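Visitor: All residue numbers for the sequence shown refer to the numbering used here, where the first residue is 58 and numbers rise by one.
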Amino acid sequence: MKKNILDRYPEYESTIGIEIHVQLKTKSKMFCSCQNKFGDRANINICPICSGHPGTLPVLNKKAVDFAIMAGLATNCKIAKTSTFARKHYMYPDLPKNFQITQDDKPICYEGYVTIKTSDEEEKKIRLIRIHMEEDAGKNIHGDQNESFVDLNRAGTPLLEIVSYPDIKNAYEAKTYLRQLHSIVQYLGISDADMEKGSFRADTNISVKKKKDEELGTRVELKNINSFKYIGQAIDYEVERQITLLEENGTVLQETRLWDTHNHKTLPMRKKEEAQDYRYFEEPDIPMLAIKSEQIEAIKKEIPELPDEKYIRLKNQYGVSNYEANILIDQREIADFFEASSQKCKYPKQVSNWILRDLLGYMKEHKLKLKDLKINPEKLAELVTVIEKGIINSKVASHKVFPSMMETGKYPSIIIQEQDLKQIGSKDDLEKIILDIIEKNPDNVQQYRSGKDKLFMFFVGQAMKETKGKGNPKLIQDLLKKHLK
Ligand SMILES: [Zn+2]
């Protein structure tokens with residue numbers, strides 16, 4: 058169960074707000090036709106617009122606008138009929154124009170919410186202040202000879218910034234909220250949301266105060282943390298650090314901190330003694346963005362089933378538990394895999410067990426994604442079916458057949474044949490053997506039926522002897538019970 062660092066400090070409470078940057082999966086950049094592509098050779102996907110030459114004019118990417126509206130609709134936001142872009146000024150080598158085009162006081166989406174599950178039964182709404190569009194900066198690369206390089210391939214790629222109200226109370230809620238938004242953008246197909254590659258990044262603002270105090274405490278920002286687990290650990294650490302400081306009559310400084318994954322603590326990155334003046338003003342080169350109701354209606358129709366709806370449907374349609382449904386829906390392709398496999402074999406409960414335990418376990422161990430695996434829904438369905446039919450037992454399945462499937466990509470039936478793993482006695486074969494034993498031992502049957510229960514093990518022993526120890530023990534017992542009644 059979730060542990061809450063604040064349980065140790067009952068007088069205190071923490072207030073957390075999160076800003077998420079989502080890199081959009083459009084073909085081209087936000088304001089030019091350059092390819093929106095990560096990982097290419099430096100400075101090949103650039104043009105005069107995204108490298109900030111004077112006299113160039115930005116043109117807004119329509120797909121990015123559609124994606125922003127889609128994200129807004131999926132998070133219960135209002136969509137602004139008109140919104141504007143603004144210039145946010147700061148000087149940094151990876152920002153060639155010396156300003157970033159973003160949205161200031163008129164964002165495209167505002168006043169939404171995301172529902173998170175705080176336990177099996179409880180839900181909580183985390184309100185969103187806004188979702189706005191902006192362009193990303195380039196990337197500075199620092200060499201080991203004291204030199205630095207700038208790669209502008211990322212400059213001008215489209216981003217959404219999703220800003221929450223400070224409704225989040227602890228690390229668990231923060232992680233749940235982030236996971237929820239992470240699956241929503243993946244379900245919508247608007248972003249790869251790959252945290253390691255930086256296409257889904259969260260900045261977390263944390264302050265603590267005594268419950269009885271009215272005024273909020275000083276806010277510390279946690280930046281550049283690239284996993285949910287580390288964000289949770291960093292929040293817990295930061296809450297405790299701030300409380301300890303206050304208890305010792307110290308002062309919490311307003312600053313940006315990083316998470317040191319090796320030493321498990323936050324470290325100061327830069328002080329923010331006063332709010333930086335970005336000298337915002339309306340971007341004169343991009344006209345006001347007007348959105349028609351028809352456009353919103355058309356986008357509404359494209360929104361697929363979202364995680365919350367899928368959660369309820371998987372439970373109703375396949376009878377999986379809350380816990381199972383929660384893990385299955387976390388990634389859309391896992392949920393799709395589960396459904397495809399369950400429909401093939403009609404044993405959804407077993408399919409879910411295999412996915413939760415073996416498949417996800419394998420992916421985690423080998424750091425692989427589902428699309429990189431050699432297994433498919435049909436192969437897993439076949440595996441479940443051969444176990445259910447008693448052709449192999451579950452031990453052989455998880456120790457021999459499954460690992461071999463993952464390695465070779467072969468169907469279970471082929472592996473069973475090649476490695477001679479077939480359990481001796483299918484259900485039909487075993488039934489024949491058992492009926493034979495019953496026929497040959499009328500006295501024992503008589504005694505068992507008149508109450509000598511201990512004799513049951515005699516029949517099990519006989520059956521195991523007949524199958525040379527390779528019979529399915531569970532099936533043998535079930536069949537004996539059936540026929541000895
Ligand atoms: Zn360009």
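We put the beta carbon where it would ideally sit given N, CA and C, even for glycine.
Treat the numbers as computed from the prediction; the structure is a model and nothing was measured.
(1) In angstroms with no decimal places, state the Cα-to-Cα distance between MET58 and THR175.
(2) Is the beta carbon of LYS86 within less than 7 Å of some heavy atom of ligand 1?
(3) Where do the ends of the alpha helix (DSSP H) carrying PRO530 lie?
(4) Buried or exposed: where does SER350 fall if 16 or more other Cβ atoms within 10 Å of its Cβ makes it buried?
(5) Contact check, GLU340 vs ARG144 under 8 Å by CB: the rounded distance?
(6) I'd like to confirm something about ILE103: is its beta-carbon nearer than 7 Å to some heavy atom of ligand 1, or not?
(7) Quick one: complete alpha helix (DSSP H) runs, 4+ long, within the segment 99-136?
(8) According to DSSP, is CYS166 part of a helix, a strand, or is it coil?
(9) Nearest CA to the CA of LEU238: which residue from LEU478, MET127, THR524?
(10) Tell me, which residues are paired with GLY74 by DSSP?
(11) Taking the beta strand (DSSP E) that ASP415 falls in, what are its first and last residues?
(12) Is ASN281 close to chain B? Criterion is C-beta to C-beta, closer than 8 Å.
(13) Please tell me whether CYS89 and ILE101 are closer than 8 Å, where the distance is taken between their beta carbons.
(14) Is it buried or exposed, ALA382, if we count other Cβ atoms within 10 angstroms and call 16 or more buried?
(15) Expressed to the nearest angstrom, what Euclidean distance is found between the alpha-carbon atoms of ASN433 and SER451?
(16) Mapping the DSSP letters down to three states, classify VAL377 as helix, strand or coil.
(17) By the DSSP assignment, the alpha helix (DSSP H) with GLN299 in it spans what residues?
(18) Considering VAL207, what are the terminal residues of the beta strand (DSSP E) in which it resides?
(19) Can you check the segment 221-284 for any beta strand (DSSP E) of at least 3 residues that lies completely inside it and give the ranges in chain order?
(20) Classify ILE360 as helix, strand or coil using the three-state DSSP reduction.
(21) Name the residue from PRO344, ALA125, PRO215, TYR234 whose alpha carbon lies nearest to the alpha carbon of CYS91.
(22) Rounding to the nearest angstrom, what Cα-Cα distance links LYS457 and ILE472 in this structure?
(23) Taking GLY376 as the reference, which of ASN410, ILE353, ILE391, LEU346 has the closest Cα?
(24) With 16 other CB atoms within 10 Å as the buried threshold, where does LEU217 fall?
(25) Is ILE263 near ligand 1, in the sense that its beta carbon is under 7 Å from a heavy atom of that ligand?
(26) Give me, in chain order, the residues of the same chain whose beta-carbon lies closer than 6 Å to that of GLY74; leave out the 5 immediate sequence neighbours on both sides.
(27) So, is GLN407 buried or exposed, given that buried needs 16 or more other C-beta atoms within 10 angstroms?
(28) What are the boundary residues of the beta strand (DSSP E) that ILE198 is part of?
(29) In angstroms, rounded to a whole number, what distance separates the CA positions of LEU537 and LYS479?
(30) Quick check on DSSP: helix, strand or coil for SER140?
(31) I'd like the list of long-range same chain contacts for ILE384, defined as Cβ closer than 7 Å, with 5 residues on each side in sequence excluded.
(32) To test your reading of the DSSP string, which unbroken alpha helix (DSSP H) runs of 4 or more residues are found completely within the segment 376-464?
(33) Taking GLY418 as the reference, give the member of TYR170, SER378, ILE444, PHE459 with the closest Cα.
Guide: The short version:
(1) Unreliable positioning characterises MET58 in this predicted model, as indicated by a pLDDT of 43, which lies under 50. A coordinate reading is not provided.
(2) LYS86 has its CB nearer than 7 Å to a heavy atom of ligand 1.
(3) For PRO530, the uninterrupted alpha helix (DSSP H) segment begins and ends at 530-541.
(4) The residue is exposed, with fewer than 16 neighbouring Cβ atoms inside 10 Å.
(5) Going by Cβ atoms, the distance from GLU340 to ARG144 rounds to 5 Å, so yes, they are a contact pair.
(6) Yes.
(7) Runs of the alpha helix (DSSP H) inside the segment 99-136: 119-131.
(8) Looking at CYS166 - three-state DSSP - the assignment turns out to be strand.
(9) Measuring C-alpha to C-alpha distances from LEU238 to each of LEU478, MET127, THR524 identifies MET127 as the nearest.
(10) Partner(s): ASN262.
(11) Run containing ASP415: none; DSSP gives neither H nor E here.
(12) Chain labels in this structure do not include chain B; a single protein chain is all it has.
(13) At a Cβ-Cβ threshold of 8 Å, CYS89 and ILE101 do not count as neighbours.
(14) ALA382 counts as buried, since no fewer than 16 other beta carbons sit within 10 angstroms of its beta carbon.
(15) Our two residues, ASN433 and SER451, have alpha carbons roughly 19 Å apart in a direct line.
(16) It is coil, neither helix nor strand.
(17) For GLN299, the uninterrupted alpha helix (DSSP H) segment begins and ends at 285-304.
(18) Where VAL207 is concerned, the enclosing beta strand (DSSP E) stretches over 205-208.
(19) Fully enclosed beta strand (DSSP E) runs of 3 or longer: 257-267, 277-282.
(20) Of the three classes helix, strand and coil, the one that applies to ILE360 here is coil, per DSSP.
(21) Closest option to CYS91, Cα to Cα, is PRO215.
(22) Between LYS457 and ILE472, the C-alpha separation is close to 9 Å.
(23) It is ASN410 whose Cα lies nearest to the Cα of GLY376.
(24) Note on LEU217: 16 or more other CB atoms within 10 angstroms of its CB, so buried under the neighbour-count rule.
(25) No - ligand 1 has no heavy atom lying nearer than 7 Å to the Cβ of ILE263.
(26) Take GLY74, set aside five residues on each side of it, and the residues of its chain with a beta-carbon closer than 6 Å to its own are SER221, PRO223, ASN262, in chain order.
(27) Buried is the call here.
(28) DSSP places ILE198 in the uninterrupted beta strand (DSSP E) bounded by 196-199.
(29) Computed Cα separation, rounded: 21 Å.
(30) SER140 falls in the strand class under three-state DSSP.
(31) Cβ within range, chain order: LEU413.
(32) For the alpha helix (DSSP H) assignment, the uninterrupted runs of no fewer than 4 residues enclosed by the segment 376-464 are, from N- to C-terminal side, 379-387, 389-402, 405-410, 417-423, 434-445.
(33) Nearest option by C-alpha distance: PHE459.
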